Amino acid sequence: MKTAGLAVIAALSLSACSDNDGPRVAKGICTPFATTPAATTTTAGVPALTPTVSADGAAPVEDCLHRWAYSLAGAKDTADVVAEAAVAACSPALSKWNQASLSGPAGPSDAVSLITGEPTSAIAEHRNFAATRALFFVVQARAGNCAPPPPVKS
Numbered sequence: 045m046k047t048a049g050l051a052v053i054a055a056l057s058l059s060a061c062s063d064n065d066g067p068r069v070a071k072g073i074c075t076p077f078a079t080t081p082a083a084t085t086t087t088a089g090v091p092a093l094t095p096t097v098s099a100d101g102a103a104p105v106e107d108c109l110h111r112w113a114y115s116l117a118g119a120k121d122t123a124d125v126v127a128e129a130a131v132a133a134c135s136p137a138l139s140k141w142n143q144a145s146l147s148g149p150a151g152p153s154d155a156v157s158l159i160t161g162e163p164t165s166a167i168a169e170h171r172n173f174a175a176t177r178a179l180f181f182v183v184q185a186r187a188g189n190c191a192p193p194p195p196v197k198s
């Protein structure tokens, strides 16, 4: 009798946990994609011959990660594998950011991470940024059932 009572309690407990109709969609969490920047102009109002470089080196990397993570989020792989694929797809943007940091104002090549307290470098922190942002975007896209980005017009 005691065993049967425990079995009933266990079955009820498990059935309460399985009240899941499939993946739930978190509405309103999708991040909108940046619109294509307007034509770059010089101070005289004349169109620039080459696009200007963003003052924030992370912006192009984050935009790339956002687009690739949302595009690949529907893959059946785990989120960390999909995020790694997004980082791989964005390696040219990440390389440009790293190159810019090497040619920028002289600063300590090694510093202490403000997050972990461990020794680190700008390039290592750029990679950490890319990995964590990509993972966030993949999980966000899956949780919000977010649409992939619109095609980029050339």
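Numbering (the working numbering), first residue to last: 45 to 198.
Glycine included, C-beta positions come from ideal geometry on N, C-alpha and C.
Since the model is a prediction, treat every value here as computed from it, not as a measurement.
Worksheet item: Straight-line CA distance for Asp154 to Glu162?
Response: Looking up residue 154 in the sequence shown gives position 110. Looking up residue 162 in the sequence shown gives position 118. Between the alpha carbons of Asp154 and Glu162 lies a gap of roughly 10 angstroms.
Worksheet item: Who does Gly78 pair with in a DSSP beta bridge?
Response: Taking the first residue of the sequence shown as 1, we reach residue 78 at position 34. A small correction: the amino acid at residue 78 is Ala; Gly does not occupy that position in the sequence shown. In the DSSP assignment, Ala78 is bridged to no other residue.
Discussion item. Restricting to runs no shorter than 3 residues, where is the beta strand (DSSP E) found entirely within the segment 135-193?
Written reply: DSSP runs (the beta strand (DSSP E)) wholly in the segment 135-193: none.
Worksheet item: Can you tell me whether DSSP reads Pro104 as helix, strand or coil?
Response: Translated into the one-based positions of the sequence shown, residue 104 becomes position 60. In this structure, Pro104 counts as helix in the three-state DSSP scheme.
Worksheet item: Relative to the alpha-carbon of Asn142, which residue among Ala132, Ala168, Ala129 has its alpha-carbon at the smallest distance?
Response: Residue numbering aside, residue 142 sits at position 98 when the sequence shown is read from its first letter. Looking at the Cα atoms, Ala168 is the closest of the given residues.
Discussion item. My output table needs one value for Leu70: the three-state DSSP class, helix, strand or coil.
Written reply: Taking the sequence shown and counting its residues from 1, one reaches residue 70 at position 26. This sequence places Ala at residue 70; Leu is not what is there. Ala70 falls in the coil class under three-state DSSP.
Worksheet item: Contact check, Gln184 vs Cys108 under 8 angstroms by CB: the rounded distance?
Response: For the purposes of this step, residue 184 is taken as the residue at position 140 of the sequence shown. For the purposes of this step, residue 108 is taken as the residue at position 64 of the sequence shown. Rounded, the Cβ-Cβ distance is 16 angstroms, inconsistent with contact.
Item to complete: Look at the Cβ atom of Glu106, then the Cβ atom of Arg177, and state whether they are nearer than 8 angstroms.
Response: In the sequence shown, counting from the first residue as 1, residue 106 sits at position 62. In the sequence shown, counting from the first residue as 1, residue 177 sits at position 133. A contact, by the Cβ cut-off of 8 angstroms.
Fill in: Which of helix, strand or coil DSSP assigns to Asp124
Within the sequence shown, residue 124 is the residue found at index 80, counting from 1. Helix at Asp124.
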